[in-house]
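Visitor: For reference, the structure I am asking about is given below.
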Amino acid sequence: MVYLDNAATTQIKKEVLDKMLPYLTDKFGNASSTYTTPGAQARRAIDEARDIVAQALDAQSSEVFFTASGSEADNWAIKGVAYANCGKGRHIITSKAEHHAVLHTCQYLEKQGFEVTYLDVDEYGAVSADAVQNALRPDTILISIMFANNEIGTINPISQIGKIARENRVYFHTDAVQAAGAERIDVCEMNIDLLSLSAHKFHGPKGVGALYVRRGVKIDNLIHGGAQEMGRRAATENVAGIVGLASALGAASETMSERTEKIAAMRDYLIGRVISEIPDSRLNGDPTRRLANNAHFCFRYIEGEGLLLHLDLRGFIVSSGSACTSGSLDPSHVLLAIGLPHEIAHGSMRATLSEDNTMEEIDAFVDALKSIVSTLRAMSPLYEEDAAAK
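Here it is, written out as structure tokens:
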């Protein structure tokens, strides 16, 4: 099997699992307990993990809160700021290309009387800083723009947007689930007030994430019932998961430059072969300002789901877009937002690489892709009609 769906989830690293295992076996204590050794071991592990995450973001340890997922972190950031600041205003700015954890949360808040501006994106899926500036109103309380798009890999001008937010005294949240561990993030330099991340996107465990909340940000709790996470999130701490998140993020941060250079070289090689060797193929997303591991294409005259199934049968694992919408037959909202018609958006495929992939795997993948696209097009009446017309 050749795994090329790392934007959906990554394989946990052995060294990460090794650090987690003691907290699933011998060191099983509750970090919020009053007794000494077992609880103290768990509490110390969480404190050390918080320090590691804070260092990776250039944040303070007291500004890092652990969650059960990136989606929870997004919900907490948006709902928490909205409810805590509704006396100041009820207007939120986001984009049409956000992850559904952001879009659906904003849609929920609209039902609660908040107003949301959904910004258009350009042909590459990027949000314009000028568009953010122009959308600001006196009652705007939050801007939520993703760091990098989870489907097409485009990286947004986060520093510029953060500067606009700070100058206008509006909170700025970024969903950095795809960017954490892959892109340099400095929450101070980039004027980020809230940031979401998820461990399983950078070779950590599933079921654990984190929310950075800048000191002084006015935010309500999302989950009530206990005093965990400095009184901000109730629930017994997932100690093993938190240790795994920190271990994975720390390792990813230390090796980022060398790792992303290797991955980007494979990505560029893959893109070059596909565009030059498969007619009527299109690269989606910004050609340069994109995640190092992301290659997203549309192929005319075919259905993406059929393409994925044929690739799966040959041992290649890719996706058609977000794993959170894999059960839907509707075209990607991101592809529609960048202006693609339905018939082209339906023929999409996302390949997302990791450092464990090789050039040999990329060559084998592209060879299989060429063959499958040719086979599927041979069964398409639209392809035959257009070919005859040419």
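Going by the numbering used here, the sequence shown opens with residue 34, and the numbers climb by one from there. Yeah, the Cβ is synthetic: ideal placement off N, Cα and C, and Gly gets one too.
What first and last residue would you give for the beta strand (DSSP E) that runs through glutamate 81?
Guide: Per DSSP, glutamate 81 belongs to no beta strand (DSSP E); it is in the alpha helix (DSSP H), 70-90.
Visitor: Measure the alpha-carbon distance for serine 365 versus threonine 391 and round it to whole angstroms.
Guide: Taking the straight line from one Cα to the other gives about 29 Å.
Visitor: What residues in its chain sit with their C-beta under 7 Å from that of phenylalanine 349, if we drop five residues either side in the sequence?
Guide: Val35, Leu37, Phe398, Ala401
Visitor: Is glutamine 39 helix, strand or coil when you go by DSSP?
Guide: Before going on, a small fix: residue 39 reads as asparagine here, not glutamine. Reduced to three states, the DSSP call for asparagine 39 is coil.
Visitor: Just the C-alpha distance for threonine 173 and arginine 123, rounded to the nearest angstrom, thanks.
Guide: 7 Å
Visitor: Hey, quick one: how far does the beta strand (DSSP E) through valine 246 stretch, first residue to last?
Guide: 242-246
Visitor: Kindly indicate which three-state DSSP category methionine 223 falls into: helix, strand or coil?
Guide: It is coil, neither helix nor strand.
Visitor: Using 8 Å as the Cβ pair cut-off and three pairs as the minimum, do the region 97-104 and the region 271-283 touch?
Guide: Short answer: they touch.
Visitor: Here's the rule: buried if 16 or more other CB atoms are within 10 angstroms of the residue's CB, otherwise exposed. What is arginine 83?
Guide: buried
Visitor: Go ahead and label proline 28 buried or exposed: buried means 16 or more other beta carbons lie within 10 angstroms of its beta carbon, across all protein chains shown.
Guide: The structure shown has nothing for residue 28, since the chain only spans 34 to 423.
Visitor: Between which two residues does the beta strand (DSSP E) carrying leucine 175 extend?
Guide: 173-177
Visitor: Alpha carbon to alpha carbon, what distance is there between asparagine 224 and histidine 132?
Guide: 21 Å
Visitor: Is the beta carbon of arginine 248 less than 9 Å from the beta carbon of leucine 227?
Guide: no
Visitor: So for serine 407, helix, strand or coil by DSSP?
Guide: helix
Visitor: In terms of alpha-carbon separation, which member of Val149, Asp107, Leu324, Gly318 lies closest to serine 381?
Guide: Gly318 is the residue among Val149, Asp107, Leu324, Gly318 whose C-alpha sits nearest the C-alpha of serine 381.
Visitor: DSSP on methionine 412, reduced to helix/strand/coil?
Guide: coil
Visitor: Give the DSSP-derived three-state secondary structure of leucine 50 in the structure shown.
Guide: helix
Visitor: Between the Cα of proline 374 and the Cα atoms of Cys119, Arg315, Thr385, which residue gives the shortest distance?
Guide: Comparing C-alpha distances from proline 374 to each of Cys119, Arg315, Thr385 shows the shortest one belongs to Arg315.
Visitor: Pick helix, strand or coil for asparagine 327, following the three-state DSSP scheme.
Guide: strand
Visitor: If you draw a straight line from the alpha carbon of serine 359 to that of serine 353, how long is it in whole angstroms?
Guide: Only weak support is given to the placement of serine 359: the predicted model assigns it a pLDDT of 49, under 50, and the value that follows is read from those uncertain coordinates. Answer to the nearest angstrom: the Cα atoms are 7 Å apart.
Visitor: Which residue's Cα is closest to the Cα of serine 286: Pro55, Gln88, Ile197?
Guide: Considering only alpha carbons, the answer is Gln88.
Visitor: How is the alpha helix (DSSP H) around tyrosine 116 delimited, first residue to last?
Guide: 103-117
Visitor: Roughly how many angstroms lie between the CA atoms of valine 276 and methionine 53, to the nearest whole one?
Guide: 6 Å
Visitor: For the region 136-149 against the region 179-193, do three or more pairs of beta-carbon atoms, one drawn from each stretch, fall closer than 8 Å, so that the two count as touching?
Guide: no
Visitor: Can you have a look at alanine 73 and say buried or exposed, based on whether 16 or more other CB atoms are within 10 angstroms of its CB?
Guide: exposed
Visitor: How many angstroms separate the CA atom of lysine 112 from the CA atom of leucine 340?
Guide: 38 Å
Visitor: With distance defined between alpha-carbon atoms, name the residue in Cys221, Ala370, Ile185 nearest to threonine 321.
Guide: For threonine 321, the nearest C-alpha among the options comes from Ile185.
Visitor: On a Cα-Cα basis, can you pick out the residue from Glu393, Arg347, Ala260, Ser280 that is closest to alanine 64?
Guide: Closest option to alanine 64, judged by alpha-carbon separation, among Glu393, Arg347, Ala260, Ser280: Ala260.
Visitor: Take the Cβ of proline 312 as the centre, count every other Cβ of all protein chains shown within 10 Å, and call the residue buried at 16 or more, exposed below.
Guide: exposed
Visitor: I'd like to know whether the C-beta atoms of isoleucine 335 and leucine 409 end up nearer to each other than 9 Å.
Guide: yes
Visitor: Mind checking which residues open and close the beta strand (DSSP E) that includes tyrosine 151?
Guide: 148-152
Visitor: Considering only their Cβ atoms, is the gap separating leucine 324 from alanine 164 smaller than 9 Å?
Guide: no
Visitor: Name the residue from Leu282, Gly258, Ile371 whose alpha carbon lies nearest to the alpha carbon of serine 128.
Guide: Ile371
Visitor: Since valine 86 and alanine 279 are thought to touch, with beta carbons under 8 Å apart, how far apart are those beta carbons, to the nearest angstrom?
Guide: 6 Å
Visitor: Going along the chain, which unbroken runs of the beta strand (DSSP E) with 3 or more residues stay wholly within the region 348-393?
Guide: 381-385
Visitor: Spatial neighbours of glutamate 156 within its chain, please: CB distance less than 8 Å, with the 5 preceding and 5 following residues excluded, ordered by chain position.
Guide: Ile371, Gly372
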